[in-house]
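Chemist: Chains R and H, in that order, give the protein sequences.
Under the numbering used here, the first residue of the first sequence carries the number 62, and numbering increases by one thereafter.
Under the numbering used here, the first residue of the second sequence carries the number -4, and numbering increases by one thereafter.
The C-beta atom is built at its ideal place from N, Cα and C for all residues, glycine as well.
Model, not experiment: these values are computed from the prediction.
Take a look at this one; I'll ask things after.
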Amino acid sequence: MGKSLSMASEAFGIHAIGSYLPVSRQDNFALAKKFNFTEDFLCSKIGVTAPARKLETEETSDLCVKAFEDLCTREAVDPADIDVIVVVTQNPDGHGLPHTSAVVHKKLGLPTRCFAFDISLGCSGFVASLAIVKGYLETTGGARAIVFTADPYSKVLKEDDRNTALIFGDGAAATLIQRTQRWNIGRFDMGTEGQKCDALSVRPDNKLFMNGRLVFDFCAINVPKSVQRTLHVNDLSMRDIDYFAFHPGSKYIVDVLAARLGIAPVPFLAEYGNTVSSSIPFILKELKPAVTRCVLVSGFGVGLSWATAILRSV
Amino acid sequence: MITEQQVRDAIAHVRENYDSQALPVEADFAEAGLDSLDHASMLLNLQETTGTVFSDDASDLNSIQAILDFAQQQTPHDT
Chain R
62 MGKSLSMASE AFGIHAIGSY LPVSRQDNFA LAKKFNFTED FLCSKIGVTA PARKLETEET
122 SDLCVKAFED LCTREAVDPA DIDVIVVVTQ NPDGHGLPHT SAVVHKKLGL PTRCFAFDIS
182 LGCSGFVASL AIVKGYLETT GGARAIVFTA DPYSKVLKED DRNTALIFGD GAAATLIQRT
242 QRWNIGRFDM GTEGQKCDAL SVRPDNKLFM NGRLVFDFCA INVPKSVQRT LHVNDLSMRD
302 IDYFAFHPGS KYIVDVLAAR LGIAPVPFLA EYGNTVSSSI PFILKELKPA VTRCVLVSGF
362 GVGLSWATAI LRSV
Chain H
-4 MITEQQVRDA IAHVRENYDS QALPVEADFA EAGLDSLDHA SMLLNLQETT GTVFSDDASD
56 LNSIQAILDF AQQQTPHDT
């Protein structure tokens, strides 16, 4: 399916994905009852029934290491061959200094020539990091990168906040980027509406605040436009897309985006919670590049920002 | 300017099989079975169909009448 668009000159892509979901789960049915939400609202609108919760003792870098261990069970990865790692997070280890990627670098015993840096983005972070890492590899002559996404919101969630307590889950992914025939990275569309940055923010009490209506408006208005621009710059049309991997902020926003784009409903696969920047790699991990050849990925949230791109197997 | 019918149409747009015509103008949306996501969708629909811009915190616009009152305040008056 799709056009015979060559991406040979854009050969860096996603080669393999490892992931980690903490075993512990929050009982959202019980919490929804406490908030006076119906089960129908929980299942048909929120879509998250059992968000994952990391152990109190697990740090963000620990989640990254576990995702890396999972990656190594799927693909032979020699740490000596990694040119750069990034950690996409806004809930870093400790106080954020040193950067979490440096801690991961230490825990994995990576070589000193391997650079490490953090990317401070939320739900748009995975897609945006693909552009950043691809550019890094191209300009440094590197061959291999790992994008870690690990943003455990349980560090900042307020248990009694009806707007956020049911939605977010902890998790991490480790995505191996190299020249590949699996999913090549196409062109991007990204943007930020900074005037509304406070709509999703950590407040002075170190707890997450979300103005749900503003975030909803931002996503419902901007993401469909970003999808159209992304298709245009990749010389594709809606019918060329085999799968729309929208960030699962909630089941409702995914349903609204599908409706506003006039496409079939997109399955909501995140009963374990909105894992922020890890949510899209979690979805991609379930897809088979040989079958699902052309994927539109779109992350959106904190900033408020969006990042959309095309992934294509060849 | 927003009319009562436009609000009812917006409710019907976001909630299939919901009898928006039967909803009393003073009825609280939540008590009438419209949740916070329905509310957000309805306000977005009204924004897109009427051009009305709602404030950042529009959660208090919890009835048809409250929306009509808000829109009335936004409408420029002749001097």
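Within 9 Å (strictly less), CB to CB, does H/L38 reach chain R?
Modeler: Closer than 9 Å: yes.
Chemist: If I follow the unbroken beta strand (DSSP E) through R/T324, where does it start and stop?
Modeler: According to the sequence provided, residue 324 of chain R is Ile. The question's Thr does not apply to it. Premise fails: R/I324 is in no beta strand (DSSP E) and is neither H nor E.
Chemist: Tell me the rounded alpha-carbon separation between R/H86 and R/G334.
Modeler: Note on identity: in this sequence residue 86 of chain R is Arg, with His being the wrong assignment. Distance between the alpha carbons of R/R86 and R/G334 is about 10 Å.
Chemist: Taking Cβ-Cβ distances below 8 Å as the criterion, which residues of the stretch 11 to 38 of chain H are in contact with chain R?
Modeler: Within the stretch 11 to 38 of chain H, the qualifying residues are D30, S31, L32, H34, A35, S36, L38.
Chemist: Distance cutoff 9 Å, beta carbons only. Does R/D278 sit that close to anything in chain H?
Modeler: Yes, R/D278 lies at the interface with chain H (some Cβ there is under 9 Å from its Cβ).
Chemist: In whole angstroms, what separates the C-alpha of R/I371 from that of R/I341?
Modeler: Computed Cα separation, rounded: 13 Å.
Chemist: Does chain A have any CB closer than 9 Å to the CB of H/D55?
Modeler: Although the question refers to chain A, the structure presented lacks it and instead comprises the protein chains R and H.
Chemist: Quick check: the Cα distance between H/G28 and H/G46, rounded to an integer number of angstroms?
Modeler: Rounded to whole angstroms, H/G28 to H/G46 spans 26 Å at the Cα level.
Chemist: Whose C-beta lies closer than 8 Å to the C-beta of H/Q69 among residues of the same chain, with five residues either side of it excluded?
Modeler: Contacts found: T47, V48.
Chemist: So, using beta-carbon positions, are R/D411 and R/V352 closer together than 9 Å?
Modeler: Because residue 411 of chain R is not part of the residues shown, which for chain R are 62 to 375, the question remains open.
Chemist: From R/S215 to R/K115, what distance separates their C-alpha atoms?
Modeler: The alpha-carbon atoms of R/S215 and R/K115 are separated by roughly 8 Å.
Chemist: Determine which residues share a DSSP beta bridge with R/I207 and list them.
Modeler: Bridge partners of R/I207: R/I146, R/L237.
Chemist: From the DSSP output, which residues share a beta bridge with R/T369?
Modeler: According to DSSP, which records beta bridges pairwise, R/T369 is partnered with R/D250, R/S359.
Chemist: Beta-carbon separation of R/D154 and R/T121 under 9 Å?
Modeler: Yes, Cβ-Cβ distance for R/D154 and R/T121 is below 9 Å.
Chemist: Using 9 Å as the limit for Cβ to Cβ distance, is H/D52 near chain R?
Modeler: Yes, contact with chain R.
Chemist: Using the rule of at least 16 other Cβ atoms within 10 Å of the residue's Cβ for burial, across every protein chain shown, is R/A325 buried or exposed?
Modeler: With fewer than 16 other Cβ atoms within 10 Å, it is exposed.
Chemist: Quick one: which chain H residues come within Cβ less than 9 Å of R/A331?
Modeler: In chain order: nothing, as chain H lies at least about 17 Å away.
Chemist: By how many angstroms is the C-alpha of R/G310 removed from the C-alpha of R/G63?
Modeler: With a pLDDT of only 38 at R/G63, under 50, the local geometry of the prediction cannot be trusted, and the value read off the model is given with reservation. Going from the Cα of R/G63 to the Cα of R/G310 covers about 28 Å.
Chemist: Could you tell me the alpha carbon to alpha carbon distance between R/T336 and R/K346, rounded to whole angstroms?
Modeler: Taking the straight line joining both Cα atoms gives about 14 Å.
Chemist: Which chain H residues are close to R/F102, counting only those with a beta carbon under 7 Å from its beta carbon?
Modeler: Those are D30, listed as they occur along chain H.
Chemist: Give the DSSP-derived three-state secondary structure of R/V263 in the structure shown.
Modeler: In the structure shown, R/V263 sits in a strand (DSSP, three-state: E or B).
Chemist: Residues of chain H with a CB under 9 Å from the CB of R/A57: which are they?
Modeler: This structure gives no information on residue 57 of chain R, because the portion of chain R shown stretches from 62 to 375.
Chemist: So which residues of chain H does R/G310 contact, with C-beta pairs closer than 8 Å?
Modeler: Correct list: empty, because the minimum Cβ distance to chain H is about 11 Å.
Chemist: Please go through the same chain and pick out, in chain order, the residues whose beta-carbon is closer than 8 Å to the beta-carbon of R/R223, but skip the five residues on each side of it.
Modeler: Counting only Cβ-Cβ distances below 8 Å, and skipping sequence neighbours, we find F96, F98.
Chemist: With H/L38 as the anchor, note down where its beta strand (DSSP E) starts and where it stops.
Modeler: Careful: H/L38 lies outside any beta strand (DSSP E), inside the alpha helix (DSSP H) at 31 to 45.
Chemist: Counting only Cβ pairs nearer than 7 Å, list the residues of chain H close to R/R264.
Modeler: Near R/R264 there are no residues of chain H at all, since even the closest Cβ is about 15 Å away, more than 7 Å.
Chemist: To the nearest whole angstrom, what separates the beta carbons of R/F209 and R/V147, a pair I think is in contact under 8 Å?
Modeler: With 8 Å as the limit, R/F209 and R/V147 qualify as a contact, their Cβ atoms being about 7 Å apart.
Chemist: Quick check: what's the CA-CA separation for H/Y13 versus H/A25?
Modeler: Distance between the alpha carbons of H/Y13 and H/A25: 13 Å.
Chemist: Straight-line CA distance for R/L292 to R/S298?
Modeler: Rounded to whole angstroms, R/L292 to R/S298 spans 6 Å at the Cα level.
Chemist: Considering only the alpha carbon of each residue, which of R/D144, R/R373, R/G186 lies closest to R/N152?
Modeler: Cα-wise, what sits closest to R/N152 is R/G186.
Chemist: Where do the N-terminal and C-terminal ends of the beta strand (DSSP E) with R/S139 fall, by residue?
Modeler: Per the sequence presented here, residue 139 of chain R reads as Asp, with Ser not at that position. Per DSSP, R/D139 belongs to no beta strand (DSSP E) and is neither H nor E.
Chemist: Figure out for me which residue from H/T44, H/A53, H/A22 has the closest Cα to the Cα of H/A35.
Modeler: Among H/T44, H/A53, H/A22, the Cα nearest to that of H/A35 belongs to H/A53.
Chemist: Within 9 Å of any Cβ in chain R, is that where the Cβ of H/Q42 sits?
Modeler: Chain R contact via Cβ: present.
Chemist: What would DSSP say about R/S122, mapped onto helix, strand or coil?
Modeler: The answer is helix: DSSP assigns R/S122 an H, G or I state.
Chemist: Determine the DSSP secondary structure at R/D179, reduced to helix, strand or coil.
Modeler: R/D179 falls in the strand class under three-state DSSP.
Chemist: Taking CB distances under 9 Å as the criterion, tell me whether R/M68 reaches chain H.
Modeler: Only weak support exists for where R/M68 lies, its pLDDT of 45 falling under 50; the value from the coordinates is given anyway. Cβ-Cβ to chain H under 9 Å: no for R/M68.
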